[in-house]
Structure formats: structure tokens, C-alpha cells
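Inspection log for the structure reproduced underneath, given as C-alpha cells.
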Amino acid sequence: ALISAGEGGPQTGTMTECFDCDNCKESLYGRKYIQMDNGPYCIPCYDAHFANTCDECKELIGHDCRVSRGPADKQGQFLGPLVPSSCRLYSQELYYEDRHYHEHCFRCFRCDRSLADEPFTCQGKELLCNDCYCSEFSSKCIACEKTVMPGSRKLEYNGQTWHEHCFICSSCQQPIGSRSFIPDKKDYYCVPCYESKFAPRCTRCKKTLTKGGVTYRDEPWHKECFVCTGCKTPLAGQQFTSQDDNPYCIKCFGNLYAKKCSACTKPITGFGGGKYVSFEERHWHHNCFNCARCNTSLVGKGFIPDHDEILCRDCSSDL
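When the letters of the sequence shown are read in order and numbered with the numbering used here, they come out as residues 547 to 865.
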């Protein structure tokens, strides 16, 4: 019988004439041989000159092992099975990149599992099965402490990693996913839960303040909720005063609560640096406190009351 190393695997036949090994020149009559491009070789010569050395055990991979090529990925990505199960009847030599292996030597460097039909990757010169690679080089979920498998959906924040389904709100316990979240020490909250739990609430409408707002009497208000008690005009950024702890714009406060000038009958509020004069039960703006006859200002001067009028001394002496 003869063995030829052409494509398609070993071929058999019979030898009918003188036929010698191309290397040692010994007759191949009645012996197994391998046909190479430059001639036939006996088995010992073929193994000595053409057989590969196993990268793991360092022994020759003999003639009776046919090469089966595995997919190579120099980027260290996970690889599919080296040889489909339907093609493995005679496949006993495997190689990855420029390294050759006996089938039984092609194993994980960590757990010694056979990689012949397993996904694997390469770290340096070490071949690792999927499980060992993930255990050693993949990150672990901070919540469940299990490996985050390559290609799976995950979330990374502040140097920590979670499975997507493990990153949940500390309050409602629902997965946060791609939604916005707010960290608080070691807890993480979805926005609705954080606002409900921590955000200040408007004194008037009791709803949460998410941005802006004003503070009155050490209490938070929405800008649109902080309005005059009388006319409901927004007071944010405006002058205002209060009565019985209720805020009022200057106009409403003057109309409702301020003293009225006895001369012009307009409110005396005191805002804007305004001064006034009081006498008995009557009050005047400074610029309204004038003699009823000559209109001379009486501020800081003596005056004489005459029923509802006030007079300067000169006008009073003419009476």
C-alpha cells in the first residue's frame, strides 16, 4: 500500500515497479510511503524532514497526523471551533498561527481543557479557553460579583462595572439601563426617585424643585409660585415686603396696609428711601408736608395745625 500527501487526504494504491525513497534511496517496495512534490519518501525520512514539532510537548507530530488548520486571530479575539466535528475523523494535528500541536496537546494553559472544539483566545503565548480568559481578564460585576462576559451589555461608571440588569435604582429597585441617574455615596438613583427622596419641595405647590427657585423665610419656592398674595404678580427679582408672613408687591402692600398721606392720600411705604412725618393720627410724605397757604415745606420747622390744615408761623399769624 502507498500513502500520498496530496489534497483530499491519504490515497492508497499498489506498487508494481522498482521505487526508491528520494532521500535514503531505500526501496519502497511493499512499504508505506508519502508522495511529495519532489518525489516519494519513506515514513522515517518524511518524519525527519517534513514533520512539525508540537509546541506543547516538543515531540514530532508524526506522518499519521493530518494537519487541520484553526482560525487565527492576532487581535486576541475569541475564536470559533478549530475544526468542525464532521471533519475530525482523521484530524490529529492542529495549528494556530505558526505553532503546531498534537490534538491532545492543544489545551487551555490554565484548566487543561481541550481546545480542539472550544472557543479560545491567545494571551501572549498562552492559549486560554473562554471561561479562563473571562475569569482572569474580564471585569466582574460590582453587584453580583460574576464575570461580565465579553460582548454582553454592561455599564461602567467611576472605574466600576455592572451587568446592565444589575445596575438598579437603590430606591425602586428597577434597572436604570440607559436612563440618567444620580449617585449618592454608594447608592445610585434614577432621577424620579432621587427627586422624590432628596430634592427640596416648593412651599406652595409641594412639588420638587429640580432647578432654580427662590428662598423666602428659609423655605424653597418655584419662581413661578412665589407671587404677590394680593395681585398674584411674580415677585422673583422684584422688591416686595410681607404682612403676616405673606409676601406682597409694593403696590398691593401700600394699598392694603400702608399709612396714607394726609395731603396726597397715596400710601406711605418707606421704600426707596422715602421719609415721612407723623403728627397725632396723621401722616405726610416729606415732600407733601407743606404749609396749606404758601406751600412752604414745613419739614424740620415749626408749624401750626388749623383744623385739617397745617400752616407755617407766618401764615398762621395772618389769621
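Beta carbons: idealized from backbone N, C-alpha and C, even for Gly.
Item to check | Local conformation of residue 622 per DSSP, three classes | outcome: Any reading at residue 622 needs caution, since the residue's pLDDT is 35, under 50, leaving its predicted position unreliable; the model's value is listed next. Coil, per DSSP.
Item to check | Cβ shell of residue 840 (< 7 angstroms), same chain only, five flanking positions each side left out | outcome: 858, 861, listed in sequence order.
Item to check | Inter-residue CB distance, residue 678 and residue 656 (contact presumed, cutoff 8 angstroms) | outcome: Contact between residue 678 and residue 656 holds: CB atoms are separated by about 4 angstroms, below the 8 angstroms threshold.
Checklist entry - If you pair each beta-carbon of the stretch 787–797 with each one of the stretch 766–778, do three or more pairs fall below 8 angstroms? => result The stretch 787–797 is in contact with the stretch 766–778.
Item to check | Identity of the residue in 826, 584, 577 nearest residue 590 by Cα | outcome: Minimum Cα distance to residue 590 is reached at 577.
Item to check | Counted within 10 angstroms of its Cβ, other Cβ atoms place residue 738 as buried (16 or more) or exposed | outcome: Exposure of residue 738 is indicated by the presence of fewer than 16 other C-beta atoms within 10 angstroms of its C-beta.
Next on the checklist: Could you give the first and the last residue of the continuous beta strand (DSSP E) run that contains residue 760?
Outcome noted: Per DSSP, the unbroken beta strand (DSSP E) holding residue 760 starts and ends at 760–762.
Checklist entry - Who are the near neighbours of residue 720 in its chain, counting only those whose CB is closer than 8 angstroms to its CB and skipping five residues on each side? => result The residues are 714, 736.
Checklist entry - Thinking C-alpha only, which one of 571, 600, 599, 597 is nearest residue 586? => result Nearest option by C-alpha distance: 571.
Next on the checklist: Am I right that residue 609 and residue 583 are in contact with their C-beta atoms under 8 angstroms? What's the rounded C-beta distance?
Outcome noted: Cβ atoms of residue 609 and residue 583 stay farther apart than 8 angstroms, at about 16 angstroms.
Checklist entry - On the three-state DSSP scale, how would you describe residue 614? => result With a pLDDT of only 43 at residue 614, under 50, the local geometry of the prediction cannot be trusted, and the value read off the model is given with reservation. Correct three-state label for residue 614: strand.
Next on the checklist: Taking 7 angstroms as the threshold (C-beta atoms), are residue 748 and residue 718 in contact?
Outcome noted: Pairing residue 718 with residue 748 gives a Cβ-Cβ distance that is not under 7 angstroms.
Item to check | Every unbroken beta strand (DSSP E) inside the stretch 807–865 [3 residues or more] | outcome: Here the runs fully enclosed are 822–825, 828–831, 850–852, 855–857.
Next on the checklist: Quick check on residue 779: buried or exposed, where buried means 16 or more other Cβ atoms within 10 Å of its Cβ?
Outcome noted: By the 16-neighbour rule on beta-carbons within 10 angstroms, residue 779 is exposed.
Item to check | Length of the line joining the Cα atoms of residue 848 and residue 785 | outcome: If you take the alpha carbons of residue 848 and residue 785, they lie about 35 angstroms apart.
Checklist entry - What number of angstroms, rounded off, separates the C-alpha of residue 814 from the C-alpha of residue 745? => result Cα atoms of residue 814 and residue 745: separation of roughly 41 angstroms, rounded to the nearest angstrom.
Checklist entry - Which residue from 864, 688, 716, 668 puts its Cα closest to that of residue 644? => result Of the listed residues, the one whose Cα sits closest to residue 644 is 668.
Item to check | Close Cβ partners of residue 805 (< 6 angstroms) along its chain, the five nearest in sequence each way excluded | outcome: Taken in chain order, the residues that qualify are 814, 829.
Checklist entry - Cα-Cα, which of 672, 654, 723 is closest to residue 664? => result Taking only the C-alpha atoms, the option nearest residue 664 is 654.
Checklist entry - By Cβ distance below 7 angstroms, which residues in the same chain neighbour residue 758 in space, the five residues on each side in sequence not counted? => result Only 769 meet the Cβ criterion.
Item to check | Same chain, Cβ closer than 7 angstroms to residue 632, neighbours up to 5 away in sequence not counted | outcome: In this prediction, residue 632 has a pLDDT of 30, which is less than 50 and means its spatial position is unreliable; nothing more can be read from the coordinates.
Item to check | Distance between beta carbons of residue 693 and residue 700, contact taken as under 8 angstroms | outcome: For a cut-off of 8 angstroms, the C-beta gap from residue 700 to residue 693 is around 11 angstroms, too long to register as a contact.
Item to check | residue 660 versus 682, 689, 602, residue with shortest Cα-Cα distance | outcome: Residue 602 is the option with its Cα nearest to residue 660.
Checklist entry - Since residue 738 is in the beta strand (DSSP E), which residue starts that stretch and which ends it? => result For residue 738, there is no enclosing beta strand (DSSP E); the residue is part of the alpha helix (DSSP H) that begins and ends at 737–743.
Item to check | Pair within 7 angstroms by beta-carbon distance, residue 607 and residue 639 | outcome: With respect to residue 639, residue 607 sits close: the two C-beta atoms are nearer than 7 angstroms.
Checklist entry - Going by alpha carbons, who is nearest to residue 649 out of 662, 658, 642? => result Answer by Cα proximity: 662.
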